[in-house]
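Trainee:
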Amino acid sequence: MKSFNKPALLLLLFILLITHSLTAQELYINEFMASNSTTIKDPDFNNYADWIEIYNSGTAPVNLKNYYLTDNLSQPQKFKIQIDLFIPANGYVIIWADDANTGNHTNFKLSAGGESIGLYSPALQLIDTINFGAQQTDVSFGRFPDGTNNWYKFSPSTPGSENLESGIFNLLPSPIISLQSGFYSSQITVTASHTLSDVTIRYTLNGKIPSDASDVYSIPLQIDSTSVLRIRAFKNGYTPSLTETRTYFINESTDLPVFSLVTDPDNFFSDTSGIYVAGTNGIIGNCSTEPKNWNQDWERPVSLEFFESDKSLAFSVNAGVKIFGGCSRLYAQKSLGFYFRKIYGTDKLRYRLFDDSPISEYNNFILRSSGQDWWRTMFRDAMAQTLIEQGMKLDYQNYRPSVLFINGEYWGIHNIREKLNEHYVYYHHGVNKDNIDLIEIGKGVAGANGDLVAYNNMITFLSTNNMAHPANYEYIKSIVDIDEYIDYQIAEIYSANGDWPGSNMKLWRERVDGSRWRWIIYDLDFTFGGNSEGLATTNTLEQATATNGPSWPNPPWSTLMLRKLLDNPDFKNEFIQRFAAHVNTTFETNHVLAVIDSMANNIASEIPRHKERWTQSISYGPTWQYLIDIMRNFAIDRPANVRNHFYAKFGISGSNTLTISRNNTEWGKVFTNTVEIKNNGSVNTFFKGIPIKIKAMPMPGYRFVNWQGISNSTSPEITIILNYNTNLTAVFEPDDLAVTSIVINEINYKSSSVFDTEDWVEFYNPDNNPVDISGWKFLDDNASNQFTFPANTIIAAKDYFVICRDTAKFKALYPDHTKILGNFNFGLSSDGDQVILKDNSGNIVDEVVYSSTGNWTSLPNGNGPTLSLINPQFDNSLPENWRASGMYGTPGYLNDVYTKTEEEKSLIPQEFILFQNYPNPFNPVTT
15 MKSFNKPALL
25 LLLFILLITH
35 SLTAQELYIN
45 EFMASNSTTI
55 KDPDFNNYAD
65 WIEIYNSGTA
75 PVNLKNYYLT
85 DNLSQPQKFK
95 IQIDLFIPAN
105 GYVIIWADDA
115 NTGNHTNFKL
125 SAGGESIGLY
135 SPALQLIDTI
145 NFGAQQTDVS
155 FGRFPDGTNN
165 WYKFSPSTPG
175 SENLESGIFN
185 LLPSPIISLQ
195 SGFYSSQITV
205 TASHTLSDVT
215 IRYTLNGKIP
225 SDASDVYSIP
235 LQIDSTSVLR
245 IRAFKNGYTP
255 SLTETRTYFI
265 NESTDLPVFS
275 LVTDPDNFFS
285 DTSGIYVAGT
295 NGIIGNCSTE
305 PKNWNQDWER
315 PVSLEFFESD
325 KSLAFSVNAG
335 VKIFGGCSRL
345 YAQKSLGFYF
355 RKIYGTDKLR
365 YRLFDDSPIS
375 EYNNFILRSS
385 GQDWWRTMFR
395 DAMAQTLIEQ
405 GMKLDYQNYR
415 PSVLFINGEY
425 WGIHNIREKL
435 NEHYVYYHHG
445 VNKDNIDLIE
455 IGKGVAGANG
465 DLVAYNNMIT
475 FLSTNNMAHP
485 ANYEYIKSIV
495 DIDEYIDYQI
505 AEIYSANGDW
515 PGSNMKLWRE
525 RVDGSRWRWI
535 IYDLDFTFGG
545 NSEGLATTNT
555 LEQATATNGP
565 SWPNPPWSTL
575 MLRKLLDNPD
585 FKNEFIQRFA
595 AHVNTTFETN
605 HVLAVIDSMA
615 NNIASEIPRH
625 KERWTQSISY
635 GPTWQYLIDI
645 MRNFAIDRPA
655 NVRNHFYAKF
665 GISGSNTLTI
675 SRNNTEWGKV
685 FTNTVEIKNN
695 GSVNTFFKGI
705 PIKIKAMPMP
715 GYRFVNWQGI
725 SNSTSPEITI
735 ILNYNTNLTA
745 VFEPDDLAVT
755 SIVINEINYK
765 SSSVFDTEDW
775 VEFYNPDNNP
785 VDISGWKFLD
795 DNASNQFTFP
805 ANTIIAAKDY
815 FVICRDTAKF
825 KALYPDHTKI
835 LGNFNFGLSS
845 DGDQVILKDN
855 SGNIVDEVVY
865 SSTGNWTSLP
875 NGNGPTLSLI
885 NPQFDNSLPE
895 NWRASGMYGT
905 PGYLNDVYTK
915 TEEEKSLIPQ
925 EFILFQNYPN
935 PFNPVTT
């Protein structure tokens, strides 16, 4: 007789129930009509029947087969759906309540006099229900926005589609409020009025949505302290208006930008339903062995306002909020995740949250309470990621400190951070969010998006093959971005992350042939002395390569990849000397100290009030400065310690110095093992006996001549081995024969059907002088397809120029653009093409061979975005330097995906700029 593992079986059953429950929570009875006379005809029986609309707010389709509908909650099994009935993600399905008892036709009708509707899971769990009163003919009853708890009458109704504000039956307009949200120096008087007569205006000052029992507005409100006002209009025979929310800051002062979160207090603080409290309705997890409400994956509706550093109102939106984070949920101040969905009114926040980032749309973002660093500095993770941003090509989270108020109460410093999910990959890399594998490693390996098939195949190959064999290593290089992986390992090891590599690791790939795995760095709270496992003396190199580590933080499976790759001599040598190169530059002590001090100064003025609000925060030392000095001392002590770890691990006898110079810093750059040496004449420490790869790169208009010092080679790329201290100088000179560097900067090879400009290409002149391109030629991969620029065609200095296939179509949609030419009489292929610019002597000035597959983003292929170069100084032959633009591109202007050069990133200001410098001029939607 076959035996069964009872605990395992119970666990499987539990998982299935939980999985089903999570799906069920995304289903809503969203709209129904109990008296359908002329609104919509049932296509199966050709009559006007009652109908019920089910809405799926989730990100995956749901099959309603074996679910139940009833109009009597004491009979939950009244009607069972026995056919496959799929609701797409964010989609709808209609079920006819006509007593037909077949397919999607129930065995009951709805009573226009009022009754109940219930939706039950196959396990007979109640998913959603609505008790309704008397209904009007051809007027539906539904939620607005979809999936919320706000019910309205609709005429016209919207069966099978989104419920619209414009369809709300007799919806009252919102009241007019005299003062906008903002900062005021003293007491203010707020008045409210309405355009209609016989309207009652009701309001609250505690965050609750006004109801017909709320206080009536009758006289102007005197507000003398920071307050939140929610106000709504009521009138007999009308649906109450939507709620208006205002935040009035009275005599508040801060140097940081400010968020105001307004919500029903029960959403946060109720023992049964509050997400911010231990409560009485919780579950265990996240380092808590007792049930806590804050561990629940509950989402609550909020109004969210954001004020820039100059205290101007940047946006006011409705959103959902959840508690975010792991064990940091135990702390009094918690991190919050904000979600934008249609059920709240908009599925995106259209605003540029970070000055250094081109991204101006967010599906979600985080207000982080600094995680495990809440006890210490409030910026450790952000500081470590800032160093990585400036010196490595890794995926990281943007950062901006802010202050939060909840229902008018000061809630302390919260760091604005990006949420690392499929939307992050889409906005940063232009990769379809439904076509990625996103892997999350934290107490195991899980597929956050996609599946684990490709990841498991990679690990199996690594486990079962000798990486010292060149062919095996070449295969891994074809599926892994090795340069990025090396940088990722270096960043974690140098920073001494004590909560890694068995936790806090994410990697992703596009699900297409030729794509490679990339790594995302995050959660560096335990770095730079952040705990006892992350000290300057900690041997994180040994931690990252241990074969017998404990289950936390470095079980053997988490170190396998690095251990196996280190068996390959090419990988090992590159890893060793690139580590040295980053310690010389990215993690150079004075540079790190400057970043620490700058970021500390940025929030210093807010620390006293934050500390007063949260007494436990910043409490792992006598003073905040003491805790900052732990990071500073780490920056001073870490280089020598980590070099010693490399000596011991790899049997290296020591280090030597290489002084690297350029004869003119404006004429060229020098790189060691892909890392740029920015400081001319800097003394760089490298490991003895290990090859160092050095490359000279001339700037446009200049050429490399030769090396002087340890090498006299005329090749721009050399490899040397140090066994003594020495020097090396790269010699550059002006190149009078250099071709002017006009750059192919943006390509629209397939327009959206709703915004068809036909094909066009944008060129950029990076020079300080205008360039005459008269007689130059524009071509594709077919030599017979040519367009010759007419006489007197000049691109101004630092300016853009667009060439179109159809100027009439282009001007119809971009009527204000004047710097355009056309028409070229050939099209650009959406499958991939070659775009070439030649001067009037036939020399190739620039060329790009693009694709819509492989490592190239596919979003410009008819979806609206264009193919945009992230910086004209970057190599435009490489797909990683191109992104999908915002909708419809930016012809004639700076690309909206513009990314700073390493020089720009390395400039450390006296303080980090926190204010919003400008609105986003590139997106047709106001942000």
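Numbering (the working numbering), first residue to last: 15 to 941.
Yeah, the Cβ is synthetic: ideal placement off N, Cα and C, and Gly gets one too.
1) Looking at the secondary structure, which residues open and close the beta strand (DSSP E) in which LYS348 lies?
2) Per DSSP, what are the beta-bridge partners of ASN70 in this structure?
3) Pick out whichever of ASN568, ARG355, THR551 has its Cα sitting closest to the Cα of GLN557.
4) Assuming PRO254 and PHE263 make a contact with CB atoms under 8 Å, what is their CB distance in whole Å?
5) Would you mind listing the beta strand (DSSP E) stretches within the region 149-194 that are 3+ residues and don't spill past its ends, in chain order?
6) Is the separation between the beta-carbon of GLY868 and that of SER529 shorter than 8 Å?
7) Within 10 Å of its beta-carbon, does TYR413 have 16 or more other beta-carbons around it, so buried, or fewer, so exposed?
8) Mind the definition here: the region 863-881 touches the region 796-804 only if three or more C-beta pairs lie below 8 Å; say whether that holds.
9) Quick test of the definition: if touching needs 3 or more C-beta pairs under 8 Å, does the region 700-716 touch the region 809-819?
10) For the alpha helix (DSSP H) holding GLN630, just list the boundary residues, first then last.
11) Using a Cβ distance threshold of 8 Å, determine whether the region 351-359 contacts the region 644-662, with at least three qualifying pairs required.
12) Using three-state DSSP, classify LEU381 as helix, strand or coil.
13) If you follow the beta strand (DSSP E) that GLY723 is in, where does it begin and where does it stop?
14) With a CB to CB cut of under 6 Å and the five nearest residues on each side skipped, what residues in its chain are close to SER507?
15) In or out: GLU67 buried (at least 16 other Cβ within 10 Å) or exposed?
16) Would you report the Cα separation of LEU576 and THR240, rounded to the nearest angstrom?
17) Do VAL276 and THR303 count as a contact pair if the criterion is CB distance below 8 Å?
18) Count the other CB atoms, across all protein chains shown, that sit within 10 Å of the CB of TYR738; report buried if there are 16 or more and exposed otherwise.
19) CA-CA distance, THR151 and PHE46?
20) Give the range of the alpha helix (DSSP H) segment to which PHE542 is assigned.
21) Using a threshold of 8 Å, state whether the C-beta atoms of GLY161 and THR172 are closer than that.
22) Do the CB positions of SER899 and PRO886 come within less than 8 Å of each other?
23) Mind checking who ASN698 pairs with in its DSSP beta bridge?
24) I'd like to know if the region 821-830 and the region 781-799 are in contact, where contact means that at least 3 CB-CB pairs between them fall below 8 Å.
25) Could you give the first and the last residue of the continuous alpha helix (DSSP H) run that contains ILE704?
26) With GLY288 and ASN307 assumed to form a contact (beta carbons below 8 Å), what rounded beta-carbon distance in angstroms separates them?
27) What residue range does the alpha helix (DSSP H) around ALA614 cover?
28) Taking 8 Å as the threshold (C-beta atoms), are SER349 and MET339 in contact?
29) Determine the burial state of TYR81: buried for a count of at least 16 other Cβ atoms within 10 Å of its Cβ, exposed for fewer.
30) Is GLY426 helix, strand or coil by DSSP?
31) Return the chain-ordered ranges of every beta strand (DSSP E) run that is complete within the region 429-486 and spans a minimum of 3 residues.
32) In three-state terms, what does DSSP make of ALA396?
33) Under 8 Å between the Cβ atoms of TYR345 and SER383?
34) Verify whether the separation of the beta carbon atoms of TRP522 and ILE450 is less than 8 Å.
35) Which residue or residues does DSSP assign as beta-bridge partners of ALA898?
36) How far does the alpha helix (DSSP H) with VAL656 in it extend, from its first residue to its last?
Mentor: On the basis of the data shown:
1) It is not in any beta strand (DSSP E) - LYS348 carries neither H nor E in the DSSP assignment.
2) LEU41, GLY105
3) ASN568
4) No, PRO254 and PHE263 are not in contact; Cβ-Cβ is about 28 Å, not under 8 Å.
5) 154-157, 165-168
6) yes
7) buried
8) no
9) The answer is no - the region 809-819 does not touch the region 700-716, with fewer than three Cβ pairs under 8 Å.
10) Unbroken run through GLN630: none, as it is neither H nor E.
11) Note that the region 351-359 does not touch the region 644-662; fewer than 3 beta-carbon pairs, one per stretch, sit closer than 8 Å.
12) strand
13) 716-723
14) Inspection of the sequence shows that residue 507 is occupied by Ile rather than by Ser. Closer than 6 Å at the Cβ level, and outside the excluded window around ILE507, lie THR554, LEU555, ALA558.
15) buried
16) 54 Å
17) no
18) exposed
19) A direct Cα-to-Cα measurement between THR151 and PHE46 gives close to 12 Å.
20) Neither: PHE542 is in no alpha helix (DSSP H) and is coded neither H nor E.
21) No, the pair does not count as a contact, with Cβ atoms beyond the cut-off.
22) no
23) LEU672
24) no
25) That residue, ILE704, is in no alpha helix (DSSP H); it is neither H nor E in DSSP.
26) 6 Å
27) Per DSSP, ALA614 belongs to the alpha helix (DSSP H) from 603-617.
28) Looking at the sequence shown, residue 339 is not Met but Gly. Contact: yes.
29) buried
30) strand
31) 450-455, 459-463
32) helix
33) yes
34) yes
35) Beta-bridge pairing links ALA898 to LEU881.
36) 638-664
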